[in-house]
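Engineer: One structure, pasted below without further comment.
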Amino acid sequence: DRVVEYDWSEADELTLAYAISVHKAQGSEYPAIVMPLLTQHYMLLQRNLLYTGITRAKRLAVLVGSRRALAMAVKNNQPAQRYSGLAARLNKKTSEA
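Counting from 1, one number per residue, gives the positions in the sequence shown under our numbering.
The structure is reproduced here in structure tokens:
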């Protein structure tokens, strides 16, 4: 953990802020967004998520990370498959009936 200490006299330099996921932000707009793009999280580098994140910003969108990660996101037009287990649960319920 990285700990940053502030003297009480510097408390007015702090501003309350929130972080939410792109999924949670869908359907909402914000004055500004900051979107991290890191190759360490390559599974989340998808064009649709990048588009959704950028279009949440009304005035300012800041992308933080590497150009390589941005390129990976732009090139990746394949949505990730979700493994929710829904099919297995439905099959189990229908076989029990």
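Note that beta-carbon positions come from the ideal geometry of N, C-alpha and C, so glycine has one too.
By alpha-carbon positions, which one of ILE54, ALA25, TYR30 ends up nearest to LEU37?
Structural biologist: Of ILE54, ALA25, TYR30, the residue nearest in Cα terms is ILE54.
Engineer: Among the residues of its own chain, which have a CB less than 7 angstroms from the CB of SER95, if the five just before and after it don't count?
Structural biologist: So the list is empty, once near-sequence residues are dropped.
Engineer: When you compare the CB positions of LEU63 and ALA32, do they come within less than 9 angstroms of one another, or not?
Structural biologist: Going by C-beta atoms, LEU63 is not nearer than 9 angstroms to ALA32.
Engineer: Hey, quick one: how far does the alpha helix (DSSP H) through ARG59 stretch, first residue to last?
Structural biologist: Element bounds for ARG59: not the alpha helix (DSSP H) but the beta strand (DSSP E), 57-65.
Engineer: Using the Cβ count rule (16 or more neighbours within 10 Å means buried), how would you classify ALA112?
Structural biologist: Coverage of the chain is limited to positions 1 through 97, which leaves residue 112 absent and any answer about it impossible.
Engineer: If TYR6 sits next to LEU14, beta carbons under 8 angstroms apart, how far is it from one beta carbon to the other, in whole angstroms?
Structural biologist: Yes, they are in contact, since the Cβ atoms of TYR6 and LEU14 sit about 7 angstroms apart, within 8 angstroms.
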